[in-house]
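Take a look at the structure below.
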Ligand SMILES: NC(=O)C1=CN([C@@H]2O[C@H](COP(=O)(O)OP(=O)(O)OC[C@H]3O[C@@H](n4cnc5c(N)ncnc54)[C@H](O)[C@@H]3O)[C@@H](O)[C@H]2O)C=CC1
Ligand SMILES: O=C(O)[C@H]1O[C@H](OP(=O)(O)OP(=O)(O)OC[C@H]2O[C@@H](n3ccc(=O)[nH]c3=O)[C@H](O)[C@@H]2O)[C@H](O)[C@@H](O)[C@@H]1O
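Residue numbers (this note's numbering): 102 to 556.
Below, the structure is given as structure tokens:
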């Protein structure tokens, strides 16, 4: 099949590369000329494991090409995927201006399609509020009398494992009204479902649109829940590692996605929660669990800072004890295996520490450039995890890069002024740290220096 993928960000690039891998001919489109030039040279503008290889492979084979002009591919395309951003507007709702702009461009370009061509399947893959398929339909129809159908096909990939998630999906959700649309979509996705044994769900477009928000909201809620259990575990002398494994063994709960952390971030959970809250308000259906999840996450994003302040004896409004101290910070991305720092808790931590007069030396395996571009010389940047620790009063861990888990802790202890760690990802076990003589605080387990801090 011939497919246009409009928007070459995390979702569009991964979709383009994976559809090319499945044997389709893909034209990737982006308004950003620099990005298109980079991509056309076979370089990925984002860090995503496995993406570079697929891009290079299919640029070389000719299955994949990039352009700034969607008109180049519209005449012969079977489907056009809209994968542009839907950022948060000031009132919390999803900003639809990029999606609707693309719909308008598709509408205008439709004149290039032969009258007798099969209906173009226009696919909303961006995360969009319920009713968007109808809006996109109206926008395209305003410009053309050629046949098309708008389909909702939300994307569930995670950054850092995006290629695998796309090639081996748990499920594919397609909101469509006709069998032709379902046939085209199945033609694209069946190879992936064959590989993963994933499920196919056909439904109406509004249900597909709501499915996406419901999935992200449920996951966000789950994380906030385990974070609260972790905070409570510290206060009552329980160990969240035991609790999460035991509750996860109930098949109704399941073991995945139950790791306490320093608050969820990223480009999607925070904005999608706000968008769903807004939809609820608009329809007189307050989403109370979600409002609480947002609050709980705001609180959780301060968890490491609270622990540091308590440990060093910062009293309310008197930041003195942190003035002049140096902290090593491992991890800047909102999670491991990505360069994405959108809504990353590490940035809030840096802010808090610097405001109180501390110096922060940071390290990350992929997100240093993004942080440099955002906050410049507010922090110092270290080439290696160990270098970040030289002369620091403590090591803070915000991102769970596996390399950190395998670091030489004896060398790290030597580099620090004192072997002191605040671990926001529970990379190590308290007993092991105790045996090595560390002062160690983590989430939902006992503190090794005995100074358990209320979260
Ligand atoms: N990042 C993720 O992990 C996931 C994102 N999503 C959703 O997918 C959508 C896209 O997200 P990302 O890929 O992260 O966004 P992104 O911001 O990385 O990429 C969007 C791309 O669209 C391009 N663009 C904007 N207007 C355009 C136009 N008129 N024509 C062509 N290109 C245009 C931008 O230049 C940019 O390269 C959002 O709605 C997001 O919520 C869904 C699942 C996962
Ligand atoms: O709509 C989206 O954009 C995507 O949002 C999330 O994917 P992503 O944001 O890439 O990352 P996740 O792995 O879900 O992590 C989100 C946040 O939750 C945190 N998290 C995750 C899992 C966990 O057990 N504990 C935890 O604190 C992560 O550290 C991170 O800050 C969803 O998992 C994807 O299914 C969805 O497609």
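Beta carbons are placed, not taken as given, at the ideal position from N, Cα and C, and that holds for glycine. Note that this is a predicted model, so its numbers are computed, not measured.
Subject >> Backbone secondary structure at residue 416 - three-state DSSP >> reply: strand
Original post:
Can you list, in chain order, the residues of its chain whose CB lies under 7 angstroms from that of residue 143, leaving out five sequence neighbours each side?
Top reply: 156, 157, 160
Original post:
Pairing CB atoms from the segment 395 to 405 with CB atoms from the segment 327 to 337, are three or more of them under 8 angstroms?
Top reply: yes
Original post:
If you count every other CB in all the chains shown that lies within 10 Å of the CB of residue 247, and 16 or more means buried, which is it?
Top reply: buried
Original post:
Cβ of residue 449 less than 8 angstroms from any chain C Cβ?
Top reply: As a matter of chain content, chain C is missing from the structure shown, which is built from one protein chain.
**OP:** Figure out for me which residue from 359, 207, 111, 136 has the closest Cα to the Cα of residue 256.
**Re:** 111
**OP:** Could you have a look at residue 441 and say whether DSSP puts it in helix, strand or coil?
**Re:** coil
Original post:
Alpha carbon to alpha carbon, how far is residue 446 from residue 530?
Top reply: 22 angstroms
Subject >> Rounded C-alpha distance that separates residue 548 from residue 373 >> reply: 35 angstroms
**OP:** Pick out the complete beta strand (DSSP E) segments inside the segment 243 to 286, 3 residues or longer, and give them in chain order.
**Re:** 249 to 253, 272 to 276
Original post:
With burial defined as no fewer than 16 other Cβ atoms inside 10 Å of the residue's Cβ, what is the status of residue 109: buried or exposed?
Top reply: buried
Subject >> For residue 165, three-class secondary structure by DSSP >> reply: strand
Original post:
In three-state terms, what does DSSP make of residue 462?
Top reply: strand
Subject >> Counterpart residues of residue 111 in DSSP-defined beta bridges >> reply: Per DSSP, none; premise fails for residue 111.
**OP:** Kindly identify the DSSP beta-bridge partner or partners of residue 496.
**Re:** 429, 522
**OP:** Note down, in chain order, each residue of its chain lying with its Cβ closer than 6 angstroms to the Cβ of residue 300, except the 5 sequence neighbours on either side.
**Re:** 272
**OP:** Under 8 angstroms by Cβ, that's how I've got residue 243 and residue 208 pegged, so tell me the actual separation to the nearest angstrom.
**Re:** 6 angstroms
**OP:** Mind checking which residues open and close the alpha helix (DSSP H) that includes residue 195?
**Re:** Careful: residue 195 lies outside any alpha helix (DSSP H) and carries neither H nor E.
Original post:
Can you find a heavy atom of ligand 1 that lies under 7 angstroms from the Cβ of residue 139?
Top reply: no
**OP:** Could you tell me the distance, in whole angstroms, from the CA atom of residue 190 to the CA atom of residue 230?
**Re:** 13 angstroms
Original post:
Cα-Cα, which of 405, 270, 180 is closest to residue 288?
Top reply: 180
Original post:
Identify the residues that DSSP records as bridge partners of residue 288: which are they?
Top reply: Looking at the DSSP assignment, residue 288 forms no beta bridge with any residue, so it has no partner.
**OP:** Check whether the Cβ atoms of residue 483 and residue 462 lie closer than 8 angstroms to each other.
**Re:** yes
Original post:
Excluding the five sequence neighbours on either side, which residues of its own chain have a C-beta within less than 6 angstroms of the C-beta of residue 348, listed in chain order?
Top reply: 354
Original post:
Measuring from the CB of residue 109, is there a heavy atom of ligand 1 at a distance below 7 angstroms?
Top reply: yes
**OP:** Using 7 angstroms as the cut-off, classify the Cβ of residue 402 as near or not near the heavy atoms of ligand 2, replying yes or no.
**Re:** no
**OP:** Along the beta strand (DSSP E) that carries residue 182, what are the first and last residues, could you check?
**Re:** 180 to 183
Original post:
Can you tell me the Cα-Cα spacing of residue 320 and residue 216, whole angstroms?
Top reply: 45 angstroms
**OP:** Return the CA-CA distance between residue 544 and residue 457, expressed in angstroms with no decimal places.
**Re:** 23 angstroms
Original post:
My guess is that residue 107 and residue 184 are in contact by the Cβ rule of under 8 angstroms, so how many angstroms apart are they, rounded?
Top reply: 6 angstroms
Original post:
Counting along the chain, where does the alpha helix (DSSP H) carrying residue 470 start and finish?
Top reply: 469 to 476
Original post:
Whole-angstrom Cβ separation of residue 406 and residue 525, contact assumed at under 8 angstroms?
Top reply: So it is not a contact: roughly 10 angstroms between Cβ atoms.
**OP:** Using three-state DSSP, classify residue 226 as helix, strand or coil.
**Re:** coil
**OP:** Give a single yes or no on whether residue 259 has its beta carbon closer than 7 angstroms to a heavy atom of ligand 2.
**Re:** yes
Original post:
How about residue 309 and residue 274: are their beta carbons less than 8 angstroms apart?
Top reply: yes
**OP:** May I ask you to check if the CB of residue 196 is nearer than 7 angstroms to at least one heavy atom of ligand 1?
**Re:** no
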